[in-house]
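Here's the structure we're looking at; comments come further down.
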Amino acid sequence: MNESEITIRDASWRDYLELCKPNVVGLMLVTSIIGMMLSVKEMVPILTLVFGNLGIALCAASAAVINHVVDRHVDDKMARTIGRPVADGRIKPFEAMIFSSSMCLLGVLILYLYTNVLTIWLTLASLVGYAF
């Protein structure tokens, strides 16, 4: 192999985790938990707290993945972002969108089962706002 050839390694679970931007999602969950605690006088039901935040986390991660796909042509030109999984080709945009769609659908299902319609709509609005 000569020096001009570029080797692209296969995607690993770490690449998919990186797509989800776990630090950003973690910060979103902090604000979600605080919001839940401030919204009621008594304790938030534990199932609502746990599964509501799981659904929110899945939708937030889905938005982060979409953001990687949307920004891939910019990311591959910037030193800070050139090594991102979609920008450097380790994960194809279609694969990323399947991953994102799966997380979004599961997240919305969980929110439907354990929270309310307002939470679903606000979460989906946040997903669109962050992703694009």
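Numbering (this note's numbering), first residue to last: -16 to 115. No residue lacks a Cβ here, since even glycine has one placed at the ideal position from N, Cα and C.
Counting along the chain, residue 112 sits inside the alpha helix (DSSP H) bounded by residues 100 to 114. Shown here for residue 96: same chain residues with a beta carbon closer than 8 Å to its own, the five before and five after excluded, namely 34 in chain order.
Beta-carbon to beta-carbon, residue 41 and residue 93 are separated by about 7 Å, close enough to satisfy the 8 Å threshold. Taking 8 Å as the upper bound for CB-CB distance, residue 54 and residue 71 are not in contact here, some 13 Å apart. Residues 45, 48, 49 of the same chain have their beta carbon placed closer than 6 Å to that of residue 83, with the five preceding and five following residues left out of the count. Residue 20 has its alpha-carbon roughly 40 Å from the corresponding atom of residue 61. For residue -3, the number of other beta carbons within 10 angstroms of its own is below 16, and it is reported as exposed.
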